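Peer 1:
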Amino acid sequence: MGETGLSNVVLDLVMMCVDNPKDRDAISLVSGAGKPRAAMFNLIPEDWGGHVTPWALKLDKCSGFSTDGLLHVGLLCRQLRTLFLEESSIIEKNGQWLHEIAINISFLDTLNFYMINLVRVSFEDLELIVRNCLYLASVKVRDAEILDLVGFFRAASVLEEFCGSSVNEEPEIYAAVSSPPRVCCLGLNLYQEQ
Numbered sequence: 001m002g003e004t005g006l007s008n009v010v011l012d013l014v015m016m017c018v019d020n021p022k023d024r025d026a027i028s029l030v031s032g033a034g035k036p037r038a039a040m041f042n043l044i045p046e047d048w049g050g051h052v053t054p055w056a057l058k059l060d061k062c063s064g065f066s067t068d069g070l071l072h073v074g075l076l077c078r079q080l081r082t083l084f085l086e087e088s089s090i091i092e093k094n095g096q097w098l099h100e101i102a103i104n105i106s107f108l109d110t111l112n113f114y115m116i117n118l119v120r121v122s123f124e125d126l127e128l129i130v131r132n133c134l135y136l137a138s139v140k141v142r143d144a145e146i147l148d149l150v151g152f153f154r155a156a157s158v159l160e161e162f163c164g165s166s167v168n169e170e171p172e173i174y175a176a177v178s179s180p181p182r183v184c185c186l187g188l189n190l191y192q193e194q
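At position 67 of the sequence shown (counting the first as 1) the number is 67 in UniProt numbering, and the numbers step up by one without a gap.
#1: Within 10 Å of its beta-carbon, does Asn117 have 16 or more other beta-carbons around it, so buried, or fewer, so exposed?
#2: Can you tell me whether DSSP reads Ala144 as helix, strand or coil?
#3: Residues in its own chain within less than 8 angstroms of Val130 by CB, not counting five upstream and five downstream?
#4: Can you list, in chain order, the residues of its chain with a C-beta nearer than 8 angstroms to that of Asp109? Leave out the 5 residues immediately preceding and following it.
#5: Cβ of Val141 within 8 angstroms of Cβ of Gly164?
#6: Consult DSSP for Val121 and reduce its assignment to one of helix, strand or coil.
#7: Can you tell me the Cα-Cα spacing of Gln96 and Glu172, whole angstroms?
#8: Leaving aside the five residues before and after Asn94 along the sequence, list all residues of the same chain whose C-beta is less than 7 angstroms from its C-beta, in chain order.
#9: By alpha-carbon positions, which one of Met115, Glu124 and Asp143 ends up nearest to Ser88?
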């Protein structure tokens, strides 16, 4: 039996004896195991709609969870680099989840909650995220008036991609808005009065 096989057997035996979730969490961080435990026993199909490692949470078109779960991500996943929720169906209980991400996670390079129905999004929390996450290169949010994001854009010095803002047909009111210096991909919606 190879070195890796033996360590997996030992890890399985040790994990059976560890009941405290914080201890299990610590073991998974040092073992390098990043998949959900059920995946170790081939109980989750490869195309299950999610991708999890200690550094990324990608829920692509998933459903059945709420902002309470995202709150725990913000509280517990301090090394998270990617949070991808695009087109997922999330039950919104409050907007506290985004604040927890803003104050607890500083390694984020991708934040995507585009095309989901979350309305309790604080622009101050988005600005705090971009101030605290020095490597944040891509942000996609649900539609927001671009004037609400002036502080966000001013603080986003390394942002390369942004999507999810809207403008109307009166360009003179947008004089205060300038895009971050490194933005090379910008997705805006134009709303015209009928």
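Positions of the beta carbon are idealized from the N, C-alpha and C atoms, including for glycine. Computed from a prediction, not measured in an experiment: that's the story for all the values here.
Peer 2: Judging by the given coordinates:
#1: exposed
#2: strand
#3: Leu136, Val139, Phe152, Ala155, Ala156 and Leu159
#4: Arg81, Thr82, Cys133, Tyr135, Leu136, Ala137 and Ser138
#5: yes
#6: coil
#7: 34 angstroms
#8: Thr67 and Arg120
#9: Met115
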